[in-house]
Amino acid sequence: MSGTAPPAVILGVDPGTRSTGWGVIALDRDEPRALACDVIVPKARLPLEQRLEHIFSELGDVIARFQPTVMAIEEPFVGTNVRSAMAVGEARTVAMLAATLAGLPVHHYAPARIKASVAGHGQGEKAQVREMLRLQLGMEEAPADLNASDALAVALCHAIQHRADELIASAGS
45 MSGTAPPAVI LGVDPGTRST GWGVIALDRD EPRALACDVI VPKARLPLEQ RLEHIFSELG
105 DVIARFQPTV MAIEEPFVGT NVRSAMAVGE ARTVAMLAAT LAGLPVHHYA PARIKASVAG
165 HGQGEKAQVR EMLRLQLGME EAPADLNASD ALAVALCHAI QHRADELIAS AGS
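Under the numbering used here, think of the first position of the sequence shown as 45, with each following residue one higher.
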């Protein structure tokens, strides 16, 4: 082994200005288990800057409550809707700021990489990813909200990637 322990608690974030999902997993002897997940849903009638402040504040509370050692965040999928991509980028920025101010390193993962890590297929449907996530984390029920499920998937993707990095490092020594 390389001598570095894997992160004990990972916060995954699926950012959005209408709904930001978060999920926390713990590594118990390298086996991930879900601690909690939920969504932050600012009031739609609020101006954008107040919704962003709400997301920032709520993520700060999640960080204080669960004391993660790292944050993993989903990169935006930039399709044809530029306005939507910009809004996701703004939510990502406040999430990264909350993590940085708490001293957490931030790791970024593309949606296809997350799906491939969790479901074994980069083009998997959200429902398929959610079910594979439930099985891998030993959950009795999958999260009801897809944004919360996606956030757990981001955290699990980081755990899988971190474990692979450790194996590669130990093979090279």
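We put the beta carbon where it would ideally sit given N, CA and C, even for glycine. No experiment lies behind these values; they were computed from the predicted model shown.
Residue span of the beta strand (DSSP E) that contains residue i, given as start and end
i: T64; result: 64–72
Opening and closing residue of the alpha helix (DSSP H) in which residue i lies
i: L148; result: Taken as a continuous stretch (DSSP letters only), L148 belongs to no alpha helix (DSSP H), as it is neither H nor E.
i: E155; result: Just to set this straight, residue 155 is Pro in the shown sequence, not Glu. Counting along the chain, the alpha helix (DSSP H) containing P155 begins and ends at 155–163.
i: L177; result: 170–180
Secondary structure of residue i, DSSP reduced to three states
i: L55; result: strand
i: I204; result: helix
i: A195; result: helix
i: A186; result: coil
i: E119; result: coil
i: P50; result: For P50, the predicted structure reports a pLDDT of 46, less than 50, and the residue's modelled location is therefore unreliable. A value from the coordinates is still provided. Correct three-state label for P50: coil.
Residue i, buried or exposed, once every other Cβ within 10 Å from all chains shown has been counted against 16
i: V173; result: buried
i: E118; result: buried
i: M130; result: exposed
i: L90; result: exposed
i: V83; result: buried
i: G182; result: exposed
i: L179; result: exposed
i: R136; result: buried
i: P149; result: exposed
i: V9; result: No information on residue 9 is available, as it lies outside the stretch 45 to 217 that the chain covers here.
Chain B within 9 angstroms of residue i, Cβ atoms only
i: E184; result: Protein chain content of the structure displayed is limited to a single chain, and chain B is not contained in it.
Segments assigned beta strand (DSSP E), at least 3 residues, entirely inside the region 75–101: If we require 3 residues or more, the beta strand (DSSP E) runs fully inside the region 75–101 come out as 75–84.
Inter-stretch contact at 8 angstroms, needing at least 3 Cβ pairs: the region 141–151 / the region 107–116: Contact between the region 141–151 and the region 107–116 is present, because at least three Cβ pairs lie under 8 angstroms.
Contact between the region 196–207 and the region 98–105 (3+ Cβ pairs under 8 angstroms): Contact between the region 196–207 and the region 98–105 is absent, because fewer than three Cβ pairs lie under 8 angstroms.
Cβ pair count under 8 angstroms reaching 3, the region 156–166 against the region 78–90: Flag = no, the region 156–166 and the region 78–90 do not touch.
The region 184–202 touching the region 60–76, judged by at least three CB pairs closer than 8 angstroms: A contact is defined here as three or more CB-CB pairs under 8 angstroms, and the region 184–202 meets this definition with respect to the region 60–76.
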